[in-house]
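A.B. asks: Per our numbering, residue 3 is the first one in the sequence shown, and the count goes up by one each step.
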Amino acid sequence: MGSRTVDCFEKPELIGEGTYGQVYRAKEIETGEIVALKKIRMDSEKEGFPITAIREIKILKELNHDNIIKLKEMVISPGPDNGIYMVFEYMDHDLTGLLDRPGIRFSVPQVKCYMRQLLTGVHYCHANRVLHRDIKSSNLLIDNNGNLKLADFGLSRRYLNDVNANLTNRVVTLWYRAPELLLGATKYGPAIDMWSVGCVFAELLMGKTIFPGKDEPQQLNLIFGLCGSPDEKNWPGVSKLPGYNTFKPEKPLERRVRETFWCVDKHALELLDRMLTLDPAKRISARDALDAEYFWADPLPCDPRSLPKYESSHEFDTKRKRQQQRLQDDAAKRQRLQHTSQHNRLLPPPQHSGQGYPQMRPGPFRHPQDGNPYGRYNHQNQAQGGGGGGRYANVPYPPPPLRGPPRGPSRFSGVDPRGGGGYGAGGPNYQHGDQYGAPGTRRGSNTMSRDQNQQYNRQH
Ligand SMILES: Nc1ncnc2c1ncn2[C@@H]1O[C@H](COP(=O)(O)OP(=O)(O)O)[C@@H](O)[C@H]1O
Ligand SMILES: [Mg+2]
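1) Within a Cβ cutoff of 6 Å, which residues of the same chain sit near Trp197, ignoring the five residues on either side of it in sequence?
2) Give me the DSSP bridge partner(s) of Ser7.
3) Check the DSSP bridge columns for Arg160 and list the partner residues they point to.
4) Where does Arg107 land, buried or exposed, given buried means 16+ other C-beta within 10 angstroms?
5) Would you mind stating whether Gly105 and Leu152 have Cβ atoms separated by less than 7 Å?
6) Taking DSSP as the reference, what is the three-state secondary structure of Gln26?
7) Suppose contacts are defined by Cβ-Cβ distances below 7 Å. Is Ser109 in contact with Val202 by that definition?
8) Suppose contacts are defined by Cβ-Cβ distances below 7 Å. Is Phe213 in contact with Ile194 by that definition?
9) Please work out which residues of its chain come closer than 8 Å, Cβ to Cβ, to Leu100, disregarding the five sequence neighbours upstream and downstream, and give them in chain order.
10) From the DSSP output, read off the bridge partner residues of Met88.
11) Assuming the contact rule is C-beta atoms closer than 8 Å, Pro310 and Asn147 should be a hit. Round their C-beta distance to whole Å, please.
12) Does Gly142 come out as helix, strand or coil in the three-state DSSP assignment?
13) When you compare the CB positions of Val37 and Val89, do they come within less than 7 Å of one another, or not?
14) Classify Arg405: buried if its beta carbon has 16 or more other beta carbons within 10 angstroms, exposed otherwise.
15) Across which residues does DSSP place Gly20 in a beta bridge pair?
16) Just verifying my parser: in three-state terms, what is the DSSP assignment at Pro14?
17) Using CA coordinates, which residue listed in Gly227, Lys216, Leu65 is at the minimum distance from Arg131?
18) Verify whether the separation of the beta carbon atoms of Glu234 and Leu184 is less than 7 Å.
19) Helix or strand or just coil, what does DSSP make of Leu150?
20) Can you name the start and end residues of the alpha helix (DSSP H) that Val199 belongs to?
21) Do you know how far the Cα of Phe51 is from the Cα of Ser231?
22) Can you tell me where the alpha helix (DSSP H) with Leu228 in it begins and where it stops?
23) Where DSSP assigns a beta bridge to Asp96, which residues make up the other side?
24) Cα-Cα, which of Gln325, Phe155, Lys189, Leu274 is closest to Ala288?
25) Between the alpha carbons of Leu278 and Gly200, how many angstroms are there, rounded?
26) From which residue to which residue does the alpha helix (DSSP H) around Pro33 run?
27) Count the other CB atoms, across all protein chains shown, that sit within 10 Å of the CB of Glu205; report buried if there are 16 or more and exposed otherwise.
28) Three-state secondary structure (DSSP) at Ile61?
29) How far does the alpha helix (DSSP H) with Lys181 in it reach, from first residue to last?
30) With a threshold of 6 Å on Cβ separation, who are the neighbours of Val266 within its own chain once the five nearest residues in sequence on each side are excluded?
31) With 16 other CB atoms within 10 Å as the buried threshold, where does Pro244 fall?
32) Taking just the CA atoms, how far does His269 sit from Pro192?
33) Do Phe318 and Ile17 have their beta-carbon atoms positioned less than 7 Å apart in this structure?
34) Give the DSSP-derived three-state secondary structure of Ile2 in the structure shown.
35) With DSSP as the reference, label Ile70 as helix, strand or coil.
36) Whose C-beta lies closer than 6 Å to the C-beta of Arg118 among residues of the same chain, with five residues either side of it excluded?
In C-alpha cells, the structure reads:
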C-alpha cells in the first residue's frame, strides 16, 4: 500500500461511478499531472478489503503493456473518509462515452486502429494467462493520442489451462456475455473474452450495441437469432451444458451473421463472423484475429495519433444526460396528463417510445449510405507499408514475463504490440466522408448499472 495520501491531488471531479466505486479526475499537485483516482468501495465489505479490489490490484501490478491501463500507485485518505484509492493514468474517454457523442462516426482505418489495439491488449492478457471477464465499451479507455487501453480488471482472474474447472459463469456484463456462460458453462477460457471483443467490434461497425438483452433468456434469444441455434453439429458438447434444454430454441434457427452485416466489407465480416462463433473451441483467438486479413488489407489501420481529439467523454456523462432526459420526459408527461384532465377529453393512450433498450430484432441493420465503405478511400497507406512488413504473428515479441504464479508455456508465439505493425506512418489515411455506422444511428443504451446487468460472484 502506498504511503502517500489523496492530499497529493487537487480538484477532484467525479467522472465515473460504478457499483464498486467512484472514479475522479484529479491533478497531482507536485507534478501537475492529471490522473484518475478510483475509490475502492468498502461499505459493503464486512470482511475487510474487497476481494475484487485485491484481484484488480494484483493483476494490474503484474501487467505491463501499452494497451492495458497503468496502475501508478495506491493512496489512502486519512480521517473520517478512511478511503483507499487506486491511482491510474488519466484517459480522456471510454468507448461508450465516445460512441455516444452526437454525430460520432468512425472511419474504417479508425475502427481498425481501435480494434487492433484492443486485440493486442487482449492477446497480451491471454498470453499471460489472465482472463479479463468484463470486456465492454465502457471498460475500454481512450486518450487524446488515440491510445486505447483495457481497464477495469475487477472481474479478471488467472487461468491455468483451457479446462479450468468450476469458474463462475456469472461474469461479463450481460450484453457482452458469451453463449457458453449464458448456458451455464463453468469450464471456459479466453474465448469468453473474444466473444465480448466481437460484440465491441460490431458496436464500432454499426454504431450500436448488437445484443441488448434485458435478461439472460432474452440475451440468448438475441444471440441465437443472429448466430443460429446451437446443436451438436455446430457446437459439439453443447447439449451437456446445464442450460441447453431450457434455452434451446423451439425451432432450429439459421445463422444470419452474413446477411445481417451485409453492409460491412468482406474482411470485417469474415473477422466478425469468427468472433461471434457459438462454439468457443472454434472462436478465433486474439492472436489469430490480429493476423486476420482485415488488419492487413487496404485501408490499413490509421496511426492512433492521427485520430481526432475530442473533449473528454465518459459513460458517466451519458448516464447523466439520459437521467436528465428522463426527468424532462417525465415532467412533460405529467404536464400532458394535467392538461388532459383539465380539459377532460378522451385521448388515445400515450405513445411510449420504448425507452430503456433499443429493441433490436435480428434482421437487417440500418446501413451506411455508401454501400461500399471502402469505396472512396485513398490508399496511401499501402505504400507506407506496415512498418516492418509481415503479419502480426510473424513478428517475434515474447510478452514480458509476469511476476506471480508459474504460467507454464504460452500457447501463443507472441506478437509485437508496439512496433512493427501496420500503422502507416504519417498523417491520417482516411477521409472523413467515409464512415461506417448507420446514418443518424445512435448506439443503444448500455448504461445499465452493474446491479441490473451483471450478477457478480467474484469469488471464482
Ligand atoms: N484511468 C481512467 N481515466 C479516465 N476515466 C476512467 C479511468 N478509469 C476509469 N474511468 C472511468 O470510470 C468508469 C468506471 O471505472 P471502472 O474501472 O470501469 O470501474 P467500475 O468497476 O465501477 O466499472 C469507466 O467506465 C470510465 O468512464
Ligand atoms: Mg467498468
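We put the beta carbon where it would ideally sit given N, CA and C, even for glycine.
In this text the structure is predicted, and so the values were computed from the model without any measurement.
C.D. replies: Straight from the coordinates:
1) Locating residue 197 in the sequence shown gives position 195, counting from the first residue. If you ignore the 5 residues before and after Trp197, its C-beta comes within less than 6 Å of the C-beta of Ala180, all in its own chain and listed in chain order.
2) Within the sequence shown, the letter at position 5 stands for residue 7. The amino acid at residue 7 is misidentified as Ser; the sequence shows Thr. Note: Thr7 sits in a beta bridge opposite Ile78.
3) Residue numbering aside, residue 160 sits at position 158 when the sequence shown is read from its first letter. According to DSSP, Arg160 bridges with Val132.
4) As a working note, residue 107 is residue 105 in the sequence shown. When all chains shown are included, Arg107 counts as buried.
5) Working through the sequence shown from its first residue, we reach residue 105 at position 103. Working through the sequence shown from its first residue, we reach residue 152 at position 150. Not in contact: Gly105 and Leu152 (Cβ atoms no closer than 7 Å).
6) For the purposes of this step, residue 26 is identified with residue 24 of the sequence shown, where counting begins at 1. The residue you asked about is not Gln; residue 26 is Tyr in the sequence shown. The answer is strand: DSSP assigns Tyr26 an E or B state.
7) Locating residue 109 in the sequence shown gives position 107, counting from the first residue. Locating residue 202 in the sequence shown gives position 200, counting from the first residue. Not in contact: Ser109 and Val202 (Cβ atoms no closer than 7 Å).
8) By 1-based counting over the sequence shown, the position of residue 213 is 211. By 1-based counting over the sequence shown, the position of residue 194 is 192. It is not a contact, given that the beta carbons lie outside the stated cut-off.
9) If you number the sequence shown from 1, residue 100 lands on position 98. Excluding sequence neighbours, Leu100 sits near Ile106, Ile144, Tyr312, Ser315.
10) Taking the sequence shown and counting its residues from 1, one reaches residue 88 at position 86. Partner(s): Lys40, Met76.
11) Walking along the sequence shown from the start, residue 310 turns up at place 308. Walking along the sequence shown from the start, residue 147 turns up at place 145. Not really, about 11 Å apart at Cβ, beyond 8 Å.
12) For the purposes of this step, residue 142 is taken as residue 140 along the sequence shown, with counting starting at 1. Here the sequence assigns Leu to residue 142, which means Gly is not the residue at that position. In the structure shown, Leu142 adopts extended strand secondary structure according to DSSP, grouped into three states.
13) As a position in the sequence shown, residue 37 is number 35, starting the count at 1. As a position in the sequence shown, residue 89 is number 87, starting the count at 1. Their beta carbons are under 7 Å apart, which means Val37 touches Val89 by this criterion.
14) Position 403 of the sequence shown, counted from the start, is the residue given in the question as residue 405. Any answer about Arg405 is weak, because its pLDDT of 35 lies below 50 and its placement is not dependable; what the coordinates show is given next. Around the C-beta of Arg405, fewer than 16 other C-beta atoms lie within 10 Å, and the residue is accordingly described as exposed.
15) By one-based count along the sequence shown, residue 20 stands at place 18. Its beta-bridge partners are Gly23.
16) If you number the sequence shown from 1, residue 14 lands on position 12. Note: Pro14 maps to strand in three-state DSSP.
17) The sequence position of residue 131 within the sequence shown is 129, counting from 1. A check of alpha carbon separations from Arg131 across Gly227, Lys216, Leu65 identifies Leu65 as the nearest.
18) Residue numbering aside, residue 234 sits at position 232 when the sequence shown is read from its first letter. Residue numbering aside, residue 184 sits at position 182 when the sequence shown is read from its first letter. No.
19) The residue given as residue 150 occupies position 148 in the sequence shown. Residue state for Leu150 is assigned as strand, using DSSP reduced to three classes.
20) Taking the first residue of the sequence shown as 1, we reach residue 199 at position 197. Its alpha helix (DSSP H) spans residues 193-208.
21) Mapped onto the sequence shown, residue 231 falls at position 229. Mapped onto the sequence shown, residue 51 falls at position 49. Computed Cα separation, rounded: 43 Å.
22) Taking the sequence shown and counting its residues from 1, one reaches residue 228 at position 226. Here the alpha helix (DSSP H) through Leu228 covers 218-229.
23) On the sequence shown, residue 96 is found 94 positions in, with the first residue counted as 1. DSSP, once it has assigned bridges, lists Leu143 as partnering Asp96.
24) Residue 288 sits at position 286 when you count from the first residue of the sequence shown. When only C-alpha atoms are compared, the closest one is Leu274.
25) Reading the sequence shown from its first residue, position 276 is the one you call residue 278. Reading the sequence shown from its first residue, position 198 is the one you call residue 200. When rounded, the separation of the alpha-carbon atoms in Leu278 and Gly200 is 6 Å.
26) Numbered from its first residue, the sequence shown carries residue 33 at position 31. As written in the sequence, residue 33 is Thr, which differs from the Pro given in the question. Run containing Thr33: none; DSSP gives neither H nor E here.
27) Residue numbering aside, residue 205 sits at position 203 when the sequence shown is read from its first letter. Counting Cβ neighbours within 10 Å, Glu205 comes out buried, since at least 16 surround it.
28) Numbered from its first residue, the sequence shown carries residue 61 at position 59. Helix.
29) Within the sequence shown, numbered from 1, the residue matching residue 181 stands at position 179. Here residue 181 turns out to be Pro, not Lys, going by the sequence shown. Element bounds for Pro181: 181-184.
30) Here residue 266 corresponds to residue number 264 of the sequence shown, with the count starting at 1. Residues Leu207 of the same chain have their beta carbon placed closer than 6 Å to that of Val266, with the five preceding and five following residues left out of the count.
31) Here residue 244 refers to the residue found at position 242 when the sequence shown is read from its first residue. Flag for Pro244 reads exposed.
32) One-based indexing of the sequence shown puts residue 192 at position 190. One-based indexing of the sequence shown puts residue 269 at position 267. Cα to Cα, the separation comes out at about 23 Å.
33) Here the question's residue 17 lines up with position 15 in the sequence shown. Here the question's residue 318 lines up with position 316 in the sequence shown. It is a contact, given that the beta carbons lie within the stated cut-off.
34) Because residue 2 is not part of the residues shown, which for the chain are 3 to 462, the question remains open.
35) One-based indexing of the sequence shown puts residue 70 at position 68. Note: Ile70 maps to strand in three-state DSSP.
36) By 1-based counting over the sequence shown, the position of residue 118 is 116. Once the five neighbours on either side are set aside, the close Cβ partners of Arg118 are Phe297, Pro303.
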